[in-house]
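Novice: The numbering used here numbers the first residue of the sequence shown as 4 and each following residue consecutively. Where a beta carbon is used, it is the ideal one built from N, C-alpha and C, also for glycine.
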Amino acid sequence: MMPESIVVNFYKSLAEGKIYGSRCKKCGHFAFPPKAGCEACGAHNMEMELISGDGTLHFFSSGNLPPMKFAKYHPYAYGVVELKEGPFFFTQIEGVDVKSVEAIEEQNKKLPIPVKAKVKKMAGMNIVIFKVVK
Numbered sequence: 004m005m006p007e008s009i010v011v012n013f014y015k016s017l018a019e020g021k022i023y024g025s026r027c028k029k030c031g032h033f034a035f036p037p038k039a040g041c042e043a044c045g046a047h048n049m050e051m052e053l054i055s056g057d058g059t060l061h062f063f064s065s066g067n068l069p070p071m072k073f074a075k076y077h078p079y080a081y082g083v084v085e086l087k088e089g090p091f092f093f094t095q096i097e098g099v100d101v102k103s104v105e106a107i108e109e110q111n112k113k114l115p116i117p118v119k120a121k122v123k124k125m126a127g128m129n130i131v132i133f134k135v136v137k
């Protein structure tokens with residue numbers, strides 16, 4: 004699959020509420036977001052695969068200078084999620100308190116915690132975010 008078609012198919016699937024990664028047919032390595040080539044063995048024989056949506060939040064914070072197109076959503080959390088399939092992903096996090104530095108620090112002491120992927124429409128585009136599992 005060509006890199007352009009991977010990106011197009013990835014965003015089309017997000018519009019349908021489906022989240023795909025890619026798995027190498029040669030060595031089995033899983034990548035997210037999907038890639039044209041394998042990060043582990045270098046093969047260019049990848050196939051699209053739905054992710055489970057399950058992950059583990061390892062760290063989160065909040066920024067004071069969001070990109071202009073996301074400024075109206077500020078403040079929001081972003082963090083490092085390890086997908087059940089293996090890859091780490093830096094993304095927006097829902098279900099945490101970012102009102103103060105102290106709140107963020109206290110919640111980070113309780114990590115890692117489970118999170119679940121979902122597709123969210125922000126700034127006119129579909130993005131993958133993770134929500135804390137209660």
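Decide if the segment 93-103 is in contact with the segment 20-38; the criterion is three or more beta carbon pairs, one per stretch, under 8 Å apart.
Specialist: no
Novice: Work out the CA separation of lysine 38 and glycine 139 for me, nearest whole Å.
Specialist: Residue 139 lies beyond the range of the chain shown here (4 to 137); nothing can be said about it.
Novice: Which residue from Leu68, Leu53, Gly66, Phe73 puts its Cα closest to that of alanine 126?
Specialist: Here the question's residue 126 lines up with position 123 in the sequence shown. Selection Leu68, Leu53, Gly66, Phe73 evaluated against alanine 126 yields Phe73 as nearest (Cα-Cα).
Novice: Cα-Cα, which of Tyr23, Cys41, Glu19 is closest to isoleucine 54?
Specialist: Stepping through the sequence shown from its first residue, residue 54 is reached at position 51. Minimum Cα distance to isoleucine 54 is reached at Tyr23.
Novice: Report the option in Val99, Ser8, His61, Ala120 whose CA atom is closest to the CA atom of lysine 21.
Specialist: Taking the first residue of the sequence shown as 1, we reach residue 21 at position 18. Cα-wise, what sits closest to lysine 21 is Ala120.
Novice: If we ignore side chains and look at the alpha-carbon of each, how far apart do leucine 17 and valine 104 end up?
Specialist: In the sequence shown, residue 17 corresponds to position 14, counting from 1. In the sequence shown, residue 104 corresponds to position 101, counting from 1. C-alpha separation (whole angstroms): 32 Å.
Novice: For lysine 29, I'd like the list of residues in its chain whose CB is within less than 6 Å of its CB, leaving aside the five on either flank, ordered along the chain.
Specialist: Residue 29 sits at position 26 when you count from the first residue of the sequence shown. Cys44, Ala46, Asn48.
Novice: Determine, using beta carbons only, whether glycine 40 and leucine 86 come nearer to each other than 8 Å.
Specialist: For this step, residue 40 is matched to residue 37 along the sequence shown. For this step, residue 86 is matched to residue 83 along the sequence shown. Cβ distance not < 8 Å, so glycine 40 and leucine 86 don't count as in contact.
Novice: On the DSSP letters alone, give me the boundaries of the alpha helix (DSSP H) that valine 136 sits inside.
Specialist: Taking the sequence shown and counting its residues from 1, one reaches residue 136 at position 133. Where valine 136 is concerned, there is no enclosing alpha helix (DSSP H), given that its DSSP letter is neither H nor E.
Novice: Please state the DSSP three-state secondary structure of phenylalanine 91.
Specialist: The residue you call residue 91 lines up with position 88 of the sequence shown. Looking at phenylalanine 91 - three-state DSSP - the assignment turns out to be strand.
Novice: If the criterion is Cβ atoms closer than 8 Å, does the pair valine 63 and tyrosine 76 meet it?
Specialist: Stepping through the sequence shown from its first residue, residue 63 is reached at position 60. Stepping through the sequence shown from its first residue, residue 76 is reached at position 73. One detail in the question is off: residue 63 reads as phenylalanine in this sequence, not valine. In this structure, tyrosine 76 does not lie closer than 8 Å to phenylalanine 63 by Cβ.
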